[in-house]
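There are 4 protein chains.
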Amino acid sequence: MTERVVLAYSGGLDTSVAIGWIAEETGAEVVAVAIDCGQGGEDLETIRQRAIDCGAVEAVVADAKDEFATDFCLPALRANALYMDRYPLVSALSRPLIVKHLANAAQYHNATMVAHGCTGKGNDQVRFEAGLAALAPGLRVLAPVRDSGMTRDKAIAFAAEKGLPIDVTKKSPYSIDQNLWGRAVETGFLEDIWNGPIEDVYSYTSDPAVPREADELVLTFEAGVPTAIDGKELTPLQIIEELNRRAGEQGVGRIDMVEDRLVGIKSREVYEAPGAIALIAAHQELENVTVERELARFKRTVDQRWGELVYDGLWFSPLKEALDGFIDQANRHVSGEVRLVLHGGRAVVTGRRSPSALYDYQLATYDTGDTYDQTLAKGFVDIWSMPAKIAAERDRRQG
Amino acid sequence: MTERVVLAYSGGLDTSVAIGWIAEETGAEVVAVAIDCGQGGEDLETIRQRAIDCGAVEAVVADAKDEFATDFCLPALRANALYMDRYPLVSALSRPLIVKHLANAAQYHNATMVAHGCTGKGNDQVRFEAGLAALAPGLRVLAPVRDSGMTRDKAIAFAAEKGLPIDVTKKSPYSIDQNLWGRAVETGFLEDIWNGPIEDVYSYTSDPAVPREADELVLTFEAGVPTAIDGKELTPLQIIEELNRRAGEQGVGRIDMVEDRLVGIKSREVYEAPGAIALIAAHQELENVTVERELARFKRTVDQRWGELVYDGLWFSPLKEALDGFIDQANRHVSGEVRLVLHGGRAVVTGRRSPSALYDYQLATYDTGDTYDQTLAKGFVDIWSMPAKIAAERDRRQG
Amino acid sequence: MTERVVLAYSGGLDTSVAIGWIAEETGAEVVAVAIDCGQGGEDLETIRQRAIDCGAVEAVVADAKDEFATDFCLPALRANALYMDRYPLVSALSRPLIVKHLANAAQYHNATMVAHGCTGKGNDQVRFEAGLAALAPGLRVLAPVRDSGMTRDKAIAFAAEKGLPIDVTKKSPYSIDQNLWGRAVETGFLEDIWNGPIEDVYSYTSDPAVPREADELVLTFEAGVPTAIDGKELTPLQIIEELNRRAGEQGVGRIDMVEDRLVGIKSREVYEAPGAIALIAAHQELENVTVERELARFKRTVDQRWGELVYDGLWFSPLKEALDGFIDQANRHVSGEVRLVLHGGRAVVTGRRSPSALYDYQLATYDTGDTYDQTLAKGFVDIWSMPAKIAAERDRRQG
Amino acid sequence: MTERVVLAYSGGLDTSVAIGWIAEETGAEVVAVAIDCGQGGEDLETIRQRAIDCGAVEAVVADAKDEFATDFCLPALRANALYMDRYPLVSALSRPLIVKHLANAAQYHNATMVAHGCTGKGNDQVRFEAGLAALAPGLRVLAPVRDSGMTRDKAIAFAAEKGLPIDVTKKSPYSIDQNLWGRAVETGFLEDIWNGPIEDVYSYTSDPAVPREADELVLTFEAGVPTAIDGKELTPLQIIEELNRRAGEQGVGRIDMVEDRLVGIKSREVYEAPGAIALIAAHQELENVTVERELARFKRTVDQRWGELVYDGLWFSPLKEALDGFIDQANRHVSGEVRLVLHGGRAVVTGRRSPSALYDYQLATYDTGDTYDQTLAKGFVDIWSMPAKIAAERDRRQG
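Protein chains in written order, with UniProt numbering: chain A, 1 to 399; chain B, 1 to 399; chain C, 1 to 399; chain D, 1 to 399.
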């Protein structure tokens, strides 16, 4: 029986050529798998047909937007996941989802190999292969772009030679990855890190510098999960989509940074993540209201490690599960409402209220009604500062 | 010989009344000490004279703006100090500076006591007393507002009775603390955390929502210290002042948050810190370019602890010194230029260049000239993902 | 109706006197509550009767040894809890258990107050009062030794005056707290930290320097919980008791340290915890075998914070719950057997085996059968060391 | 001109064969470099001559014991470096020292390549190559055992064929690496992790189970550096050697563990490090006496990361330098004396005294002379427990 390869298929030049390239290289049949994580663009049926036209024996397409929203974006939100305090893990979140579907397809189609189109200097190869190592360790991984010299020039030549139904002329000057949680752009002129991004780079967001009316909304959360906008209950997918649209119109969520890749280099990245940035701003402030101080302090360390781990491709790993154990517990009371103003590139919280608030007006107020017993303070301050005091006395004694 | 008290004097109602109050309560002579940390308002001579008029035997005033900029704001910048990822430690930075001057004045004037006007439910009492415990452990601390019932009503009555030269009528509806690094506002209507701030609350920043031209500048850093704007060398104080002005005009640096106080409660705080926020944005991005990945990752933990420690009043403490040992080392190569656009409430880095950059175009580029050896990737990925893979196999085996 | 106070009662001088002292001071009725956490000594009925004889209106005694073992000692074991890498939290674990029983008794007996016999310079007052604040915030706390001058001399005089049935003559030269998880000793001559402990200080452990035969046993764990010794299934309580006996006979678990108290001072402490130390040694090594590397590394940080938090009296706190969420997840696969040799004061693991081991002989061996693909190594090493390499090149360039 | 290779030479079979193997493979001249890090065994001149006899064009030997003690072992001591809380980094410390000498020799001898005899599944290849990447990035690295198939069998055949002066018959059943800081043993029968080590495995330590007299000594430290034993000033090297001897005679420092290698697998390791373990025990306890609480708590996190980083081969890295910045600062006051009893496999601190102690008898004592003001405690406890209390009230309210 002929061996089968499951290929992560995007519909673009590289993976379309890869169908035939892999078939020639391995003698195996290629099953193309395309997953909709909210990247937009062509419809799935068009992509499915192209895979067949390029020689795939089977082409599987799946709308995984709800799954992506619920099982991947929401955990990132509960972890306030911002790699290097900036990047909301757009691509890093979709790769494990795609891996899951690839592993399932491989089992279903009795494939012995799985293929991806990543290069050897990016993070995505790690995310694909680390995910596959965890979910489907028996499969051999093919990476034709990285390991068998399928350069862009060779891909174009291959497409022309085979008459593949791909328009190779309309090359974007940008290297782009996008999904429901955001959009990543890399490109030639941005590789000079002194160059600023130009408006043409952006697609999810309008120019924040253009004057327009502010947008205001109220987000409801239950246990760290957003459940409604302005009182209207929505699915996680719907909430992210609506916030992408509304925050995007206000220019929220543009990020321009030099980033530490797992594979050892620094790279320049431009991101747009209007919905993600707006949601994280709201979630963080609701945590400020509902999460106890020591828990909040330690959670920053946990959140940072969560972001690094997922960035580094280790979504399917024991540490990820244990961090989620912490984070889920910490989000139990992160319920309530946050009023958010979207305007001029900013997502600003202007109000918050919660039945599980730890903010207590009676304790906080300086007005009448104050229930805080200030006579406790002196004892607290003296004992709190005692270790540093004793150390300072020692330092003085020691000269 | 009559005992002496050194009083941290602001020129306002509470500390003006405290001069006579303390004198009556203790029989001691009061030496008033007023420190200019860039809070603006009245000139120092006016404040000095008022202290004398209110009964101080001596009144010492000092312009400590340069000292504050160099010795307190810059270390905070090198630590990217943002308590709860938001608050740049405005008041928390000035208190240890004031404490240092109080301790010096106490020694000079042979005082046996020192006094402050803090209440018992804020953080500043801790910062004063923990600092004094470290620098001048032999002094007794008086806190008349907290410990001997000097309420606002009693203060006003005292001022009227004694005919003190203080205008008690023009009471701000806001409780304000401000200095070179920013401004903090608390107030009655903001104690309802669902209420949004109104424009009247702000003083350091213009409304970011008003359309205006963007401002652009280039900041130069050497070893983590800002040294020039647009190529013009300036002192730290001058740089912070210019950025306060220019970033403030663009509405940069407004913060509205619920915050965890050290003294056990959550409080609502509104801050403005245009210069601080612009400088931290620039410094963080220059770190992204010049600091190695593992160092950058660990530095986030160090920076967080630095911010908590200073917030918690432990500026003069052994851990602070050791964290500074780490941070100074980490900033050795944080040199170069950052282009910053200030507009619409945002301080956005659009370019960065550095002779000590770790970003390497030759390694990062996808264009010709690429020197990254992609054949290394497979080995890296396989070994990197091996522990999670072995664990996943175990989990599958265990069912 | 007369108010009621629930008193944490030990049967000793201080708390026996406190019954009458509190009654006189408050006019309230005293309900004595004595909890057996495995401290040994007198039987509960004797203690109960003494409370009555000393004037308690009710005396409640409870054998909570099983509860203590399962709900307090085992979580500490899963966290490898060693404060300052040494102290297995003996007293810090029993206080929340006692607090729970006090809060329940207060509710049952309609008490409005609760009392403990702690001094003002130890950690236990914090553990009692922080626990009560969480479980029974409505109760007023009385601490007669700390707050109303019930010194030892006054207690002895009170006991004599009232004819209380307490032998005040047999005063131990040591201040001791002990329970199932270990024993803590403080004493006059040990307050000179240059003095070494003498044999007389110890009770749970024999002198490790005396020659004797080694003891060997096999401990079985399931998900981090010890379940059997030498194949014989036992309850957690039985396992701890047997290990206390067997490890104690071999002198295992003596600790002599200077410790950082929460209340600001350093103190000299001597502990004995034969069972705890033996169990932690076994559990740690089984974790080494069954927990994935990145999870194991982060768990050290979590374990450290768990130990600090519990030491600091915050057992009943949101951070504790979230840390437990992590730790429980991390212990899911900590199952298997550990062979332990107890001898000469050491508990040494000499063998471990587990169906959920991540140790893989085929990968680890240097003998035939090796399945590790060494050709992957070069790529891994080169990419792994790339960030440090690029930084070193920068440093050299910068001179 | 003929190219030159600098080879890390041990004098054993593998690296002796590597001289000729590399020469044949590359056509280059081989310069052998042997470094004495205290591994004992043959004298350096014998090793030097063997390298020449095996075909090296030059053979450089260096006694680096003092350098190793001062520049590598002492920093590890100040960091209390114990990987996985157990392993004092024996091999991980010597590799960067050897790398430094290799890089220097390569420069001196105009070599273009450097070679080591490591396999592809151990950590040492990473330590060699990461170190070389940092210190001598221009050199090409050869690893004949890993990359060009120089197996043991082939090495023996090569030695026989060439008549190399190596005795290939006396093969140890153990794979051993040893130096001043300790000794590491791996071996066939220990690869079954249920097997316990046998006495024959050990060389630096006597059997701790054999009854003998205890040994007692007083160690003096200055700023974290041991400077004298029983009042006699010694160099770091002399102190480590004397403690290796005296602690080794008492069976101190045996470690048997399953360990997480950087290269993705778990391995079984047996170590002996009598001097290291005794020194770390003493240093930790002196830190307990002289380091302030918050600094001590954070230092545990820093120490752990230091150990991981050095284990992982990143001695020459920016994070290492910054961690040292913290650790040096933290050790400034770690001065004083520690009395240590060595006996039965244990190194136990029984006394400590220090002019920079933060332990204060007057504060700690329960006897007369107590200066601790217990009236402060109530205020401290109430404010300390307030956040958890408010959270508990919320939880109860929420049900």
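From the three backbone atoms N, C-alpha and C, an ideal C-beta is built for every residue, glycine too.
Item                                                                                                                                                                    : Value
In chain order, what residues of the same chain lie with their CB nearer than 7 Å to the CB of A:N244, ignoring the 5 residues before and after it?                     : Y204, P274 and G275
For C:L217, which residues from the same chain have a beta carbon less than 6 Å from its beta carbon, with the 5 sequence-adjacent residues on both sides left out?     : I229, D230 and L340
Which residues of chain A have a Cβ atom closer than 7 Å to the Cβ of C:F189, listed in chain order?                                                                    : The premise fails here: C:F189 is roughly 23 Å from chain A at the closest Cβ pair, so nothing lies under 7 Å.
By Cβ distance below 7 Å, which residues in the same chain neighbour D:D53 in space, the five residues on each side in sequence not counted?                            : P165
Is the Cβ of C:F298 closer than 9 Å to any Cβ of chain A?                                                                                                               : yes
What runs of the alpha helix (DSSP H), each 4 residues or longer, lie entirely inside the stretch 118-203 of chain B?                                                   : 124-135, 144-147 and 152-162
Of all the options A:T220, A:A330, A:V338 and A:S94, which has the alpha carbon lying nearest to the alpha carbon of C:A322?                                            : A:A330
Quick check on D:L328 - is its C-beta less than 9 Å from some C-beta in chain A?                                                                                        : The sequence as given places Asp at residue 328 of chain D; Leu does not occur at that position. Chain A contact via Cβ: absent.
Give the range of the beta strand (DSSP E) segment to which C:A115 is assigned.                                                                                         : M113 to A115
Which partner residues of C:A34 appear in the DSSP bridge assignment?                                                                                                   : C:V61
Quick one: measure Cβ to Cβ for A:V252 and A:L180, integer angstroms, because I've assumed they're closer than 8 Å.                                                     : About 16 Å; that fails the 8 Å criterion.
Compare the C-beta of D:V348 with all C-beta atoms of chain C and state if any pair is closer than 9 Å.                                                                 : yes
At a cut of 8 Å, does the stretch 170-189 of chain A reach the stretch 304-316 of chain A through at least three beta carbon pairs?                                     : no
For the stretch 254-276 of chain C, list every residue whose C-beta sits within 9 Å of some C-beta in chain D, in sequence order.                                       : R254, D256, M257, V258, E259, D260, R261, L262, V263, G264, I265, K266, S267 and R268
Indicate whether at least one CB of chain E lies closer than 9 Å to the CB of D:G325.                                                                                   : Reference to chain E is not applicable here, since the protein chains of this structure are A, B, C and D.
At a CB-CB cut-off below 7 Å, which residues of chain D make contact with A:S356?                                                                                       : R394 and Q398
Per the DSSP calculation, B:G336 is bridged to which residue(s)?                                                                                                        : B:F221
Enumerate in chain order the residues of its own chain whose CB-to-CB distance from D:G38 is below 6 Å, with the five nearest sequence positions on each side excluded. : K65, N179 and L180
Using only the alpha-carbon positions, how far apart do D:F72 and A:Y311 sit?                                                                                           : 34 Å
Does DSSP put B:V381 in a helix, in a strand, or in coil?                                                                                                               : helix
Less than 9 Å between CB atoms is the rule here; does residue 417 of chain A satisfy it with respect to chain B?                                                        : Limits of chain A in this structure are 1 at one end and 399 at the other, which puts residue 417 of chain A out of reach.
For C:E259, list the residues DSSP reports as bridge partners.                                                                                                          : C:S267
Can you tell me the Cα-Cα spacing of A:G11 and A:A34, whole angstroms?                                                                                                  : 8 Å
Once the 5 residues before and after B:S175 are set aside, which same chain residues still bring their CB inside 8 Å of it?                                             : V185, E186 and T187
Can you check the stretch 55-109 of chain C for any beta strand (DSSP E) of at least 3 residues that lies completely inside it and give the ranges in chain order?      : 58-63
According to DSSP, is A:E213 part of a helix, a strand, or is it coil?                                                                                                  : coil
9 Å is my cut-off, CB to CB: does D:R305 come that close to chain B?                                                                                                    : yes
Would DSSP call A:E29 helix, strand or coil?                                                                                                                            : strand
Who are the neighbours of C:M84 on chain D, taking C-beta pairs under 9 Å?                                                                                              : Q284, N288, A296, R297 and R300
Is the separation between the beta-carbon of A:L102 and that of A:L132 shorter than 9 Å?                                                                                : yes
Run through chain A and tell me which residues come within less than 7 Å of B:N195, C-beta to C-beta.                                                                   : G351
Between the stretch 14-23 of chain D and the stretch 139-156 of chain D, are three or more C-beta pairs nearer than 8 Å?                                                : yes
In whole angstroms, what is the alpha-carbon distance linking residue 401 of chain B and B:D63?                                                                         : Not covered by the structure: residue 401 of chain B. The range shown for chain B is 1 to 399.
Going along the chain, which residues of the stretch 374-387 of chain B sit with their C-beta nearer than 9 Å to a C-beta in chain C?                                   : T375, L376, A377, K378, G379, F380, V381, D382, I383, W384, M386 and P387
Just to confirm the assignment: which complete beta strand (DSSP E) runs, minimum length 3, are found wholly within the stretch 275-356 of chain D?                     : 336-343 and 346-353
Which two residues bound the contiguous alpha helix (DSSP H) that contains D:A8?                                                                                        : Segment R4 to A8 is the beta strand (DSSP E) holding D:A8; no alpha helix (DSSP H) there.
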